[in-house]
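Student: Questions regarding the structure given below will be posed in turn.
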Amino acid sequence: MFTVTGIGGFFFRARDPQALAAWYEKHLGISDISREVWKQQAGPTILAPFSQDTEYFGRPEQQWLINLRVDDLDAAMSDLKAAGIAVETRAEWDSEVGRFCRIHDPEDNPIELWQPSDAAGLA
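The opening residue of the sequence shown carries number 1 in the UniProt record's numbering; numbering runs sequentially from there.
What follows is the structure, encoded as structure tokens:
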């Protein structure tokens, strides 16, 4: 039996793919695929189906929510706010597994940033 070893890509529709790729590179450091493949650090990845009527993703028609690991959530939030990007936090999002915040890309796709907790053994 084979084993999945990681996520090989995350593909989604965009009104302006080039502009959106540039935004992800500028604000999140994710390489534009037209120049190079983004190489991420090894670490925990969670694949979790949610109930169809979850409110966690935001808009009811939103079918996905990408969660990106960061090494310093406070620095990420500071940098994003300085760039004029709205950052949302909620106390109920934080737990023993780490701290979270939410941003949206220019096409209003939600992006969750997660700093895993050292105590949870996920960092």
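Where is the CB? At the ideal position from N, CA and C, for every residue including glycine. Note that the structure is a prediction, hence the values are computed from the model and not measured.
Helix, strand or coil for Trp-93, going by three-state DSSP, please let me know.
Tutor: The sequence position of residue 93 within the sequence shown is 93, counting from 1. It is helical.
Student: Considering only the beta carbon of each residue, do Phe-100 and Asp-94 sit closer than 8 Å?
Tutor: Taking the first residue of the sequence shown as position 1, residue 100 is located at position 100. Taking the first residue of the sequence shown as position 1, residue 94 is located at position 94. Yes.
Student: Less than 7 Å between C-beta atoms, sequence neighbours within five positions excluded: which residues of the same chain meet that for Gln-62?
Tutor: Here the question's residue 62 lines up with position 62 in the sequence shown. Answer for Gln-62: Pro-110, listed in chain order.
Student: May I have the straight-line CA-CA distance separating Arg-13 from Gln-52, to the nearest angstrom?
Tutor: Stepping through the sequence shown from its first residue, residue 13 is reached at position 13. Stepping through the sequence shown from its first residue, residue 52 is reached at position 52. The alpha-carbon atoms of Arg-13 and Gln-52 are separated by roughly 20 Å.
Student: Starting from Gln-115, follow the beta strand (DSSP E) in both directions and report where the run begins and ends.
Tutor: In the sequence shown, the residue the question calls residue 115 occupies position 115. Unbroken beta strand (DSSP E) run through Gln-115: 110-116.
Student: Could you give the C-beta distance for Ala-10 and Ile-66, rounded to a whole number, given that I count them as a contact under 8 Å?
Tutor: One-based indexing of the sequence shown puts residue 10 at position 10. One-based indexing of the sequence shown puts residue 66 at position 66. The displayed chain sequence assigns Phe, not Ala, to residue 10. Rounded, the Cβ-Cβ distance is 6 Å, consistent with contact.
Student: Tell me the DSSP secondary structure of Leu-80 in three-state form.
Tutor: Indexing the sequence shown from 1 puts residue 80 at position 80. If DSSP states are grouped into helix, strand and coil, Leu-80 belongs with the helices.
Student: Whole angstroms are fine: how far does the CA of Glu-88 sit from the CA of Arg-82?
Tutor: Taking the first residue of the sequence shown as 1, we reach residue 82 at position 82. Taking the first residue of the sequence shown as 1, we reach residue 88 at position 88. According to the sequence displayed, residue 82 carries Ala and not Arg. Distance between Ala-82 and Glu-88, taken at the CA atoms: about 14 Å.
Student: Going by DSSP, what residue range makes up the beta strand (DSSP E) through Leu-65?
Tutor: As a first step, residue 65 must be located in the sequence shown, where it is residue number 65. Here Leu-65 belongs to no beta strand (DSSP E), and DSSP marks it neither H nor E.
Student: Can you list, in chain order, the residues of its chain whose CB lies under 6 Å from that of Trp-32, leaving out five sequence neighbours each side?
Tutor: For the purposes of this step, residue 32 is taken as the residue at position 32 of the sequence shown. Just to set this straight, residue 32 is Asp in the shown sequence, not Trp. Same-chain partners within the cutoff: Ala-21, Glu-25.
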